[in-house]
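Asker: Provided herewith is a single structure, encoded as structure tokens, for subsequent inquiry.
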Amino acid sequence: MQSGLRVIEDAFRNNRELASSLVRIIEKYAGKIDKEQLGYSAPIKIMHFCGTHEWTITHYGLRSLLPQNVELVAGPGCPVCVVPSNYIDLSIKLSLEGCVVYTYGDALRLPSTKPKSQARSLLDAKALGGEVKVVYSFLDAVRDAKTHSRDSVFLGIGFETVLPMYGFLFHKKEVPTNLKFLSLVRLTPPAMKYTIKLYRERGLLPIMGVIAPGHVSTVIGGEEWRFLPMNFNLPTVVAGFEPIDVLMAIASILKMINDKKPDLEIEYKRLVKTDGNPQVRRVIEEVFQPVYAAWRGIGMIARSGLKLRPEFGQAYDAFEYFGIKDVSPSEYVMTHAHFGDAGSYDIPPNCRCGEVVLGISKPTDCPLFMKSCTPESPWGPCMVSSEGTCNVWAKYGQMEKIKMETR
Ligand code: SF4
1 MQSGLRVIED AFRNNRELAS SLVRIIEKYA GKIDKEQLGY SAPIKIMHFC
51 GTHEWTITHY GLRSLLPQNV ELVAGPGCPV CVVPSNYIDL SIKLSLEGCV
101 VYTYGDALRL PSTKPKSQAR SLLDAKALGG EVKVVYSFLD AVRDAKTHSR
151 DSVFLGIGFE TVLPMYGFLF HKKEVPTNLK FLSLVRLTPP AMKYTIKLYR
201 ERGLLPIMGV IAPGHVSTVI GGEEWRFLPM NFNLPTVVAG FEPIDVLMAI
251 ASILKMINDK KPDLEIEYKR LVKTDGNPQV RRVIEEVFQP VYAAWRGIGM
301 IARSGLKLRP EFGQAYDAFE YFGIKDVSPS EYVMTHAHFG DAGSYDIPPN
351 CRCGEVVLGI SKPTDCPLFM KSCTPESPWG PCMVSSEGTC NVWAKYGQME
401 KIKMETR
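In terms of our numbering, the sequence shown opens at residue 1 and continues consecutively.
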């Protein structure tokens, strides 16, 4: 008997016949949508929020299967890329002062805005003797912190997908008090709303449809994306991460554009419910509260971050314990105001991550791409994580090119 995983792989990954049918449907609808309907002659832009979707699209060369008038652009869906640089500098300082800093592996080389001659990542700090430990999960950090009594801090990076573990460990009082939590959690719907509004306010080529993140929606529920068709008339599909999932989402979005009936569809029905996971949502709400939060390269977004509620914060909030001043909205904007445009906040000189995370530029538009910025030696934040668009393009972009050339 085939395992469940193998069945999914055969249906959603290795299914050439279904992929070909979907490409024909995509071509049919893309051919019907003319410039009169759109109001302009440029490509139909579809934004996906998530770095994992960018991985699927680039790794499997899906762009090479699409008609020329359909363009897929990556949105701000890389939680590591959007961590403000002052928190990296701060973590470096804590580690060099002897505090144990627990971090996910993909944040280890996340660069601040410092020059290469100075410690600009936790990896640099570790090389200088800093106390940096890589963990796979918050649970690993909790277990390790129980083996000692030293001051320690966990960098709580992530979108809604990481919240169940964070929430339950606090809720079940499993976290030792020597381990503090630096909440760098960011919420995805407010960032999507911000991005769409920015495109419209600045007259950028409009986004015509959205592929919403499937894994996030298993927690928050598909209905959380209803605001996109309702308030912005944008066809939206909550999609999974296999190539067939993405092709199905594109076909549905194009059909909705063609029919002039923007709506919300859940393609990832095998895991996503309209209301997500109510038990997990309740625990998260009991442990965390929403706050104004800074997104690197983007700016401040209302109610887009989470901090520990006071009953947990008294014992665990790293901001309070270490006397860390959180970024305030006016300060963040003022500090980085000299950059001027949106999409330029808080990034190293000449790096275009601000535009890349907003889908305004492609990694290949950056003059440093694969020159002075590579996965082995990242200059900007989008080149570090496997969910960063520059990293994905650096590793798999060649596949896309090969598939384009052999069509
Ligand atoms: Fe920034 Fe490097 Fe990407 Fe350029 S290639 S935008 S420097 S991360």
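Positions of the beta carbon are idealized from the N, C-alpha and C atoms, including for glycine. Just so you know, these numbers come straight off a predicted model, no measurement behind them.
Is the beta carbon of Val216 sitting closer than 7 Å to the one on Gly297?
Answerer: no
Asker: Inspect the beta-carbon positions of Ala42 and Leu205 and report whether they are closer than 7 Å.
Answerer: yes
Asker: Just curious, the alpha helix (DSSP H) that Tyr292 is in, first and last residue?
Answerer: Here Tyr292 belongs to no alpha helix (DSSP H); instead the beta strand (DSSP E) covers Phe288 to Trp295.
Asker: My output table needs one value for Lys126: the three-state DSSP class, helix, strand or coil.
Answerer: helix
Asker: Skipping 5 residues on each side, what residues in its chain have a beta carbon closer than 6 Å to that of Glu285?
Answerer: The beta carbon of Glu285 sits closer than 6 Å to none of the beta carbons in its chain outside the five residues before and after it.
Asker: Sorted by chain position, which residues of the same chain lie with C-beta nearer than 6 Å to Glu224's C-beta, five sequence neighbours on each side aside?
Answerer: Pro189
Asker: For Asp365, which of helix, strand or coil comes out of DSSP?
Answerer: helix
Asker: Measure the CB-CB distance between Gly380 and Pro349 and report whether it falls below 7 Å.
Answerer: no
Asker: Count the other CB atoms within 10 Å of the CB of Lys458; is the residue buried (16 or more) or exposed (fewer)?
Answerer: As displayed, the chain neither begins before 1 nor continues past 407, which places residue 458 out of reach and without an answer.
Asker: Please state whether the Cβ-Cβ distance between Ser304 and Ala191 is less than 7 Å.
Answerer: Taking 7 Å as the cut-off, the beta carbon of Ser304 is found closer than this to the beta carbon of Ala191.
Asker: Given that a residue counts as buried once 16 or more other Cβ atoms are within 10 Å of its Cβ, and exposed if not, what is Ala302?
Answerer: Around the beta-carbon of Ala302, fewer than 16 other beta-carbon atoms lie within 10 Å, marking it exposed.
Asker: Check this for me: beta carbons of Phe49 and Glu242, under 7 Å apart or not?
Answerer: no
Asker: Taking the alpha carbon of Gly359 as the point to measure from, which residue in Gly75, Gly4, Tyr396 and Cys390 has its own alpha carbon closest?
Answerer: Cα-wise, what sits closest to Gly359 is Gly75.
Asker: For the beta strand (DSSP E) holding Val134, just list the boundary residues, first then last.
Answerer: Unbroken beta strand (DSSP E) run through Val134: Val132 to Val134.
Asker: How should Leu128 be labelled, buried or exposed, when 16 other C-beta atoms within 10 angstroms of its C-beta is the threshold for buried?
Answerer: exposed
Asker: Cβ of Arg352 within 6 Å of any heavy atom in the ligand SF4?
Answerer: At least one heavy atom of the ligand SF4 is nearer than 6 Å to the Cβ of Arg352, so yes.
Asker: In this structure, how does DSSP classify Ile284 when only helix, strand and coil are distinguished?
Answerer: The answer is helix: DSSP assigns Ile284 an H, G or I state.
Asker: In angstroms with no decimal places, state the Cα-to-Cα distance between Glu421 and Arg150.
Answerer: This structure leaves residue 421 out entirely; the chain is present only between 1 and 407.
Asker: For Val356, is the beta carbon positioned less than 6 Å from some heavy atom of the ligand SF4?
Answerer: yes
Asker: With a cut-off of 8 Å on the beta carbons, I'd call Ile157 and Tyr104 a contact; round off their distance for me.
Answerer: 6 Å
Asker: Cα separation between Ala212 and Gly167?
Answerer: 23 Å
Asker: Are any of the Cβ atoms in chain C nearer than 7 Å to that of Val272?
Answerer: The structure shown contains no chain C, having only a single protein chain.
Asker: Where does Ala119 fall in DSSP's three states?
Answerer: Of the three classes helix, strand and coil, the one that applies to Ala119 here is coil, per DSSP.
Asker: Ordered along the chain, which non-local residues of its own chain (more than five positions away) have a Cβ less than 7 Å from that of Val272?
Answerer: Gly214, Ser217, Thr218, Gly222, Val238 and Ile266
Asker: In this structure, does DSSP put His59 in helix, strand or coil?
Answerer: helix
Asker: State the CB to CB distance for the pair Ser183 and Leu306, rounded to an integer number of angstroms; the pair is presumed to be in contact (CB under 8 Å).
Answerer: Going by Cβ atoms, the distance from Ser183 to Leu306 rounds to 6 Å, so yes, they are a contact pair.
Asker: I want to check one thing, is the minimum distance from the CB of Leu368 to the heavy atoms of the ligand SF4 below 6 Å?
Answerer: yes
Asker: Given 6 Å as the limit, tell me if Trp393 has its C-beta closer than that to any heavy atom belonging to the ligand SF4.
Answerer: Incorrect: Trp393 has no Cβ contact closer than 6 Å to the ligand SF4.
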